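Contents: one structure, followed by commentary.
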Amino acid sequence: MLSPLAYPLSVLLVLVSRTDTSTGGMVDTLLGSYQKEVHPRPEDNQSVYVTLDLAIRQVVDLAETKQILTTNLWIRMNWTDHRLTWNPSSFDGIDTIYVPLDSIWTPDVTLYDDTAFGSNVALSERKFHKLKVTNEGRVTQRFPTVLSSICGVDTTYFPFDKQLCPLKFGLWLHDDDIVTLTSDQTGDTTSYLENAEWFLTGIDAEKKPYLYNGLVYSTITYTVSIQRRPAFFMLTLFFPCFLLSSMSILGFLLPPTSGEKVGLQVTLLLSLTVFLFLTIDTLPPNSEPLPLMCVYFVLVIMIATTSCVLAVIVQKIHLKSKQGWKVPPLARTVIIHWLGRLVLMKRPHVRRKHTNEDLEAERGGNTVGIQKTPTAATADAPAPSTLPREYGAFREILTGLEQLLKRHEGEKATDDTDEYEDWLTIASILDRFFLILSVVISFVISTVFLIHFSV
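Here it is in structure tokens:
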């Protein structure tokens, strides 16, 4: 028998459940002439079947910008090496030994879509964990690892998006004629730890052949299905933006005479812009396809900008009366009569005239039958017959001129008031029309986006 110094140091470090003397003799016999560079081809010249299973521990992170999925996995591999068989009765009943990775042959299982080459090669942790070998030649390797793999991200329905991230494993050197990769089950999720952002919906396994240079390589693809938790993004993105866009409706509720319509709309537009700049880092910067949330934000800004422009138009119309503009007959017909009836608004000064006429009619009815009694001053005044005739004629002329002057000023004031009231009515009707239009558009846009998000 050769000296123990002639064997690799790894053989001397084998963990066993029996005495070192018995195990050492068995290992010497088992690995004395073993060549780890040669794959364990069975005697019937068939390929070696390697079973690959994995258990997902946690979805660590999904970088939407870089499209990289980071997962914590437990890898489990099994295969049969006919060169590692022995009779337990010949070695004090030892039926299991543990050997280092570099002491026997192992399949070169590789993650095809690995993104950590050069720094932390995928599955490199396997060298730190020993292999379990039974007396029937069954080799088992189990080890934990953190994998970074390519994952195409579709953020169309962010934050209600669902992602399918494949983990494609295969043999890098051996084709199916030498080594065949198989899987007995889907991904194990019994030890999964929940992620704060992503919810694991399942992990499925599928075997697909891979053809290269006329050779067939077997691959196992585990598809990790995850769904984003939308509550945080709805509270921090959607609802604040929706509330800011809804506040733009308040600008149409202010009367045109307030003078604060344009200031309010500009303030809301600036607030919405600042909010979007503060939250732009939260949205995934993905252009293919464009997230619907980004489209919603753009439409909200357009609505706020349009509300600001409409507020300027209403304010300009209201000030036309002070600039001496007359109401065009077409505007009076289309806006005051037709559009006013559509939005259930009438000219306020017309309503006041009707009210004043009704009040005067009531007062006139109450004063019927009341006789005027002469006062002391009237009794003491001289009778008209005692005044000169020229004085009476002159007084009649002055009275007529005063009546004409008052009538002219009253007609002018009435005309100016009617023009002012008409322009104010047009501005108020347009305000209500724009209010209804803004409410309908905002409701339709929000409803459509919520329907698309929930599908």
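Here the sequence shown is numbered in this note's numbering, starting from 202 and rising by one per residue. Don't be surprised by glycine CBs; every beta carbon is placed ideally from N, CA and C. Nothing here was measured: the structure is a model prediction, and the numbers come from that model.
Short of 8 angstroms from the beta carbon of residue 386, and not among the five residues preceding or following it, lie these beta carbons of its own chain, in chain order: 254 and 406. Taking the Cα positions, residue 381 is about 21 angstroms away from residue 256. Beta-bridge pairing by DSSP links residue 371 to 311 and 420.
Secondary structure note for residue 481: it is in no beta strand (DSSP E), with a DSSP letter that is neither H nor E. Annotation: residue 628 to residue 400 spans about 53 angstroms, alpha carbon to alpha carbon.
Excluding sequence positions up to five before and after residue 502, its CB lies within less than 8 angstroms of the CB of 470, 473, 474 and 477, all in the same chain and listed in chain order. The alpha-carbon of residue 234 is positioned some 22 angstroms away from that of residue 248. A residue is called buried when at least 16 other Cβ atoms come within 10 angstroms of its Cβ; residue 519 meets this threshold and is buried. Annotated three-state conformation of residue 361 is coil, per DSSP. Residue 251 has 382 as its beta-bridge partners, per DSSP. Taken through DSSP and simplified to helix, strand or coil, residue 306 comes out as coil.
When the Cα atoms are used, residue 464 and residue 521 turn out to be separated by approximately 20 angstroms. Contiguous beta strand (DSSP E) elements confined to the stretch 621-649 do not occur, taking only those with 3 or more residues. Check the Cα spacing between residue 482 and each of 266, 354 and 645: the tightest is with 266. Nearest neighbour of residue 431 by Cα position, chosen from 500, 424 and 440, turns out to be 440. When the five nearest sequence neighbours on each side are left out, the beta carbons in the same chain lying within less than 7 angstroms of the beta carbon of residue 540 are those of 630 and 634, in order along the chain. Minimum Cα-Cα distance from residue 316 among the listed residues 368, 636, 337 and 411 corresponds to 368.
The beta-bridge partner set that DSSP reports for residue 348 consists of 272. For residue 332, the enclosing beta strand (DSSP E) stretches over residues 332-335. Taking residue 636 as reference, the option from 600, 419, 504 and 526 with the minimal CA-CA separation is 504.
For residue 277, the closest alpha carbon among the candidates 459, 389 and 543 is that of 389. For residue 452, no beta strand (DSSP E) encloses it; the enclosing alpha helix (DSSP H) starts and ends at 451-454. By the neighbour-count definition (other C-beta atoms within 10 Å, threshold 16), residue 394 is an exposed residue. Closest by C-alpha distance to residue 410, out of 403, 418 and 404, is 418. In the displayed model, residue 505 falls within a helix according to three-state DSSP.
The beta carbons of residue 359 and residue 310 sit no closer together than 9 angstroms. By the neighbour-count definition (other C-beta atoms within 10 Å, threshold 16), residue 429 is a buried residue. Shown here, residue 295 sits in coil according to DSSP, grouped into three states, outside any helix or strand. Setting aside the 5 residues that flank it on each side, residue 533 is surrounded in the same chain by 623, each with a C-beta closer than 7 angstroms to its C-beta; the list follows chain order. The beta carbons of residue 343 and residue 333 sit closer together than 9 angstroms.
With respect to the 9 angstroms criterion, residue 408 and residue 383 are classified as neighbours on the basis of their beta carbons.
The residue among 527, 546, 331 and 326 with its C-alpha nearest the C-alpha of residue 346 is 326. When secondary structure is reduced to three states using DSSP, residue 432 falls in the helix class. Distance check between residue 425 and each of 398, 299, 272 and 336 places 272 closest, using alpha-carbon atoms only. About 33 angstroms separates the beta carbons of residue 396 and residue 340, which is beyond the 8 angstroms limit, so they are not a contact pair. Rounded to the nearest whole angstrom, the C-alpha separation of residue 460 and residue 352 is 55 angstroms.
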